[in-house]
Amino acid sequence: MRCALPLLCAASAAAWQPATLPRVVRTASPLRPSPRLPHPPVLSTSSALPSPPLASPEPRTPSPPLPSPLRSAALLLLPALLPALALASAGATEHLHLGQKIALWFSRTGLPDWAVLALISMVPAVELRGGVPVGNWMGLNPWLTLLICVLGNMLPIAPTLLALRSDFVKSLAKPLLLRAEKKLAGLPTGQSRTLALALFVGIPAPGTGAWTGAIIAYLLDMPFGSAMAAIFAGVVLAGLIMTVLTLAGKTGALIALAALIAAGVSAIGSAAKKETD
């Protein structure tokens, strides 16, 4: 019985041992290269041919600067040229509408047309550039309208120049006057300054006119006679331009404005040349 026990254990162990399966050896098939898509040629950063040297820019000779009087006069006239061109190209409907409103308001008082026209020309926001179209709208003679508007625009200028010389007005507007005086310090002197002021007043555009010219004349410390002469000449020029504008339309106004600018610049240049000589 002792001999049969080892045999029984060996048989049971053999019964529990799993059967070994035959191994299947798979041979890997050779890899086939996948078809390659054609690539665009790569541009080389380094070319075989040497790149030509960059040509150095030719030195520019600086244009000669404008003389000091002409440059200062241009600075004075520049803010007024662009609004004047815009006014001439767009028509005077805005000023005509405002002038008509003021004329209708003054006509309720029973004043005659010439008095209404003179009062309109005194208003700082309207002045002569609004009075001339109103006179044409009223049906008055163009040259009579021009005369009334010039006189009405000039009536408050002399009192304004005298009032600006008083200490009371100086104390009220001292900060504003000092700031504006620094900006106008480089303007020309003598006759060229008078011509520049006349041309500035003579451009019928917003921001210009006899009232603004009186303030500029005070800031430049111009004599009373020179200031009045320059402002009067500018008012007459503005009246002529507005008369041409109302009679000949935009084309006539542009021609008159171009002639005014050419004549004014030529006069300022000749005056500045005489002063430098």
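Residue numbers for the sequence shown, in my numbering: 104 to 380. Glycine included, each C-beta is placed from N, C-alpha and C at the ideal position. Nothing here was measured: the structure is a model prediction, and the numbers come from that model.
When the beta-carbon positions are compared, LEU264 and PHE327 come within less than 8 Å of each other. Only exposed fits GLY213, as fewer than 16 other CB atoms lie within 10 angstroms of its CB.
Taking C-beta separations shorter than 7 Å and ignoring five residues to either side along the sequence, the partners of CYS252 in its chain run LEU220, SER224, LEU231, GLY234, VAL235, GLY238 and GLY342, following chain order. Counting along the chain, the unbroken alpha helix (DSSP H) around ASN239 starts and ends at 230–241.
If you check the CB distance, ILE260 and ILE334 come in under 8 Å.
Distance from the CA of VAL272 to the CA of THR354, rounded to the nearest whole angstrom, comes to 43 Å. For ALA221, the uninterrupted alpha helix (DSSP H) run begins and ends at 216–225, by DSSP. One alpha carbon belongs to LEU323, the other to LEU348, and they sit about 32 Å apart. Measuring C-alpha to C-alpha distances from MET325 to each of ARG268, GLN203 and PRO309 identifies ARG268 as the nearest. Non-local beta-carbon contacts of PRO245 in its own chain, meaning distances under 7 Å to residues more than five positions away in sequence, involve ASN239, THR346 and LEU350 in chain order.
Within 10 angstroms of the beta-carbon of GLY242 lie fewer than 16 other beta-carbons, which makes it exposed.
By alpha-carbon distance to THR248, the top candidate from LEU222, PRO227 and PRO309 is LEU222.
Distance from the CA of ASP270 to the CA of ILE306, rounded to the nearest whole angstrom, comes to 31 Å. Around the C-beta of GLY310, fewer than 16 other C-beta atoms lie within 10 Å, and the residue is accordingly described as exposed. Taking C-beta atoms as the reference points, LEU281 and GLY337 fail to come closer than 8 Å. ASN256 carries a helical assignment under DSSP once its states are collapsed to helix, strand and coil. For LEU322, the uninterrupted alpha helix (DSSP H) run begins and ends at 313–322, by DSSP. By the criterion of a C-beta distance shorter than 7 Å, PRO227 is surrounded in its chain by TRP314, once the five residues flanking it on both sides are discounted. Only exposed fits ILE358, as fewer than 16 other CB atoms lie within 10 angstroms of its CB. Look at THR297 here: in three-state DSSP terms it is helix. In the three-state reduction of the DSSP assignment, ALA332 falls in the helix class. Within the same chain, VAL253 and GLY305 come within 8 Å of VAL339 by CB-CB distance, once the 5 residues on both sides are set aside.
Taking the Cα positions, ALA276 is about 14 Å away from ALA317. In this structure, DSSP gives PRO245 a helical state, which the three-state scheme calls helix.
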